[in-house]
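A.B. asks: Take the sequence shown: its position 40, counted from the start at 1, is 52 in my numbering, and no numbers get skipped. Virtual Cβ for every residue (Gly too), placed ideally from N, Cα, C.
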Amino acid sequence: MKGVVKPEFGSPEHPFLQEGEGGSMKKPSFVLASLVALALCVGIAVVASAAPGKLKCFSGAPATCSVSQDTVTLDTSTGGFAGGYVTNSKNPGASLGGVTYSFQYNCDPSDNNTDCVGGGSPRWSIPISAGGSGNKVAGYAFLDAAGCGSNGTVSTASPSCAVTENADLGGNSYANWAAFAAANPTFKIGNALPFVITDTTEPGTTLIFAISST
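Right, dumping it as structure tokens:
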């Protein structure tokens with residue numbers, strides 16, 4: 013299909029290159045196994061421009077995704093997972109206090125901020141390095157819509173957005189990104205792409221826009 017690329021698992025373009033990336037807030041310990049199985053069995057569809065610094069989306073069947081200008085439309089109503097990311101948004105070695113990740117969302121067709129929220133979706137999946145050479149990803153930190161009050165914005169800059177780390181980092185929860193950074197002074201941003209993902213099966217679609225990684 014024109015405009016669709018299916019990168020091989022493990023390639024630099026693959027959204028799920030690193031262990032634990034993107035996983036479910038409900039069962040973070042099963043992240044790698046579930047995502048590898050999906051990638052090998054059904055493949056990942058990545059849609060949008062190939063130019064660097066562009067908004068792209070990915071999906072695992074039966075979910076679908078599309079990109080229109082600055083908005084990603086994600087349909088996981090019948091299962092699977094889908095998300096979006098910006099191609100030049102890696103920031104390996106950056107301090108946790110020196111970065112800001114933010115996105116906005118809307119639930120369609122209900123046009124509210126609650127109908128597409130559930131099970132930790134939609135959420136940021138942010139790669140974290142615990143030290144060592146190459147800023148290797150040790151685990152992921154998650155911020156989800158419900159943990160931010162289901163108000164349409166998920167941001168590390170918000171004091172009201174809770175953070176959960178996956179089991180590889182200890183599985184702890186924090187009141188916000190600042191608390192996460194303060195409790196883990198040796199953590200850095202890992203060498204992988206941060207991205208937004210949803211895997212809820214609520215009716216309708218999730219619109220993701222204003223994705224920002226600075």
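Indicate whether threonine 217 and aspartate 87 have their beta-carbon atoms separated by less than 8 Å.
C.D. replies: As a position in the sequence shown, residue 217 is number 205, starting the count at 1. As a position in the sequence shown, residue 87 is number 75, starting the count at 1. Yes, Cβ-Cβ distance for threonine 217 and aspartate 87 is below 8 Å.
A.B. asks: Within its chain, find whatever has a CB closer than 7 Å to the CB of alanine 187; leave out the 5 residues flanking it on each side and keep chain order.
C.D. replies: Within the sequence shown, the letter at position 175 stands for residue 187. Excluding sequence neighbours, alanine 187 sits near Ala174.
A.B. asks: Taking only three categories from DSSP, how would you classify asparagine 147?
C.D. replies: In the sequence shown, residue 147 corresponds to position 135, counting from 1. Of the three classes helix, strand and coil, the one that applies to asparagine 147 here is helix, per DSSP.
A.B. asks: Pick out whichever of Thr168, Gly96, Gly132, Gln81 has its Cα sitting closest to the Cα of leucine 108.
C.D. replies: Locating residue 108 in the sequence shown gives position 96, where the first residue counts as 1. The residue with the shortest Cα to Cα distance from leucine 108 is Thr168.
A.B. asks: Mapping DSSP to helix, strand and coil, what is cysteine 77?
C.D. replies: To locate residue 77, count along the sequence shown from 1; it is residue 65. Strand at cysteine 77.
A.B. asks: For glycine 151, which residues from the same chain have a beta carbon less than 7 Å from its beta carbon, with the 5 sequence-adjacent residues on both sides left out?
C.D. replies: Here residue 151 is taken as the residue at index 139 of the sequence shown, counted from 1. The residues are Gly32, Ile140, Glu177, Asn178, Asp180, Leu181.
A.B. asks: Return yes when the Cβ of glycine 96 is within less than 8 Å of the Cβ of valine 208, no when it is not.
C.D. replies: Locating residue 208 in the sequence shown gives position 196, where the first residue counts as 1. Locating residue 96 in the sequence shown gives position 84, where the first residue counts as 1. It is a contact, given that the beta carbons lie within the stated cut-off.
A.B. asks: Between which two residues does the beta strand (DSSP E) holding phenylalanine 192 run?
C.D. replies: Numbered from 1 along the sequence shown, position 180 holds the residue referred to as residue 192. Not the beta strand (DSSP E): phenylalanine 192 falls in the alpha helix (DSSP H), residues 189-195.
A.B. asks: Ignore the nearest five residues each way along the sequence and tell me which others in phenylalanine 161's own chain have a CB closer than 7 Å to its CB.
C.D. replies: Here residue 161 is taken as the residue at index 149 of the sequence shown, counted from 1. The amino acid occupying residue 161 in the given sequence is glycine; phenylalanine does not appear at that position. If we look at glycine 161 and ignore the five residues flanking it on each side, its Cβ neighbours are Ser172.
A.B. asks: How many Å lie between isoleucine 220 and tryptophan 189 at the Cα?
C.D. replies: Counted from its first residue, the sequence shown places residue 220 at position 208. Counted from its first residue, the sequence shown places residue 189 at position 177. For isoleucine 220 and tryptophan 189, the distance between alpha carbons rounds to 21 Å.
A.B. asks: May I ask which residues mark the beginning and end of the beta strand (DSSP E) holding valine 208?
C.D. replies: In the sequence shown, the residue the question calls residue 208 occupies position 196. Where valine 208 is concerned, the enclosing beta strand (DSSP E) stretches over 207-210.
A.B. asks: Which of the three DSSP states, helix, strand or coil, is assigned to alanine 169?
C.D. replies: In the sequence shown, the residue the question calls residue 169 occupies position 157. Three-state DSSP puts alanine 169 in coil, outside helix and strand.
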